[in-house]
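S.K.: Below: one structure in structure tokens.
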Amino acid sequence: MIPEQLRYTAEHEWVEERGANIVRIGITDFAQNALGDVVFVQLPEAGTEVRAGAVVGEVESTKSVSDVYAPLTGKILSCNDELSESPELVNSDPYAAGWMFDIEVEDAGSLTALLDAGAYAKLTE
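Residue numbers (the UniProt record's numbering): 1 to 125.
Written out as structure tokens, the structure reads:
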């Protein structure tokens, strides 16, 4: 399941445009499936400045701990607080209820450098 309207990173994050220079970030269905049952999610705080490629959080599962990377440079606007009480949302609904954080991006044009659905599908074959 790879939604066509999203962009993707090689580190298995998805990026959804939410408005002028605002994007929502989560991990892909492929990533959550590889992780197994998610038991804890650590997210950045709102207001944190992030750089593309930098580690900004962690997802802990029954199998392992994986880093979450900022796919774009900008400022964290908000985080999905529901994940602190219900981290399993990352497994059950990775593209909606399991979203992680919103970023106000410095350069909206940088979104085009991310993978489209077709390129991400090839990456995960």
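Glycine included, every Cβ here is placed at the ideal spot set by N, Cα and C.
Give the C-beta separation of Q42 and E17 to the nearest angstrom, bearing in mind that I take them to be a contact with Cβ-Cβ under 8 Å.
M.R.: Not quite, the Cβ-Cβ distance comes to about 25 Å (not below 8 Å), so this is no contact.
S.K.: Could you say which of A113, A52, L35 lies nearest to S66 if we only look at CA atoms?
M.R.: Taking only the C-alpha atoms, the option nearest S66 is L35.
S.K.: List the residues that DSSP assigns as beta-bridge partners of L123.
M.R.: For L123, which the question treats as bridged, DSSP gives no partner whatsoever.
S.K.: With a Cβ-Cβ cutoff of 8 Å, do L114 and V38 count as a contact?
M.R.: no
S.K.: Cα-Cα, which of I25, K122, P87 is closest to S61?
M.R.: P87
S.K.: Quick check on E13: buried or exposed, where buried means 16 or more other Cβ atoms within 10 Å of its Cβ?
M.R.: Looking at its Cβ environment, which holds 16 or more other Cβ atoms inside 10 Å, E13 is buried.
S.K.: Straight-line CA distance for E125 to F30?
M.R.: 10 Å
S.K.: Please specify which runs of the alpha helix (DSSP H), each continuous and at least 4 residues long, are wholly inside the UniProt domain "Lipoyl-binding" (22-104), giving them in chain order.
M.R.: The qualifying runs are 29-35, 82-85, 89-92.
S.K.: Could you check if D107 is buried or exposed, using at least 16 other CB atoms within 10 Å of its CB as the buried criterion?
M.R.: exposed
S.K.: Counting contacts by CB-CB distance shorter than 8 Å, is W14 in contact with chain B?
M.R.: Included in the structure is just one protein chain, with no chain B present.
S.K.: By how many angstroms is the C-alpha of A96 removed from the C-alpha of S84?
M.R.: 16 Å
S.K.: Go through its chain and collect everything with a Cβ distance to E45's Cβ below 8 Å, but skip five positions before and after it.
M.R.: I76, C79
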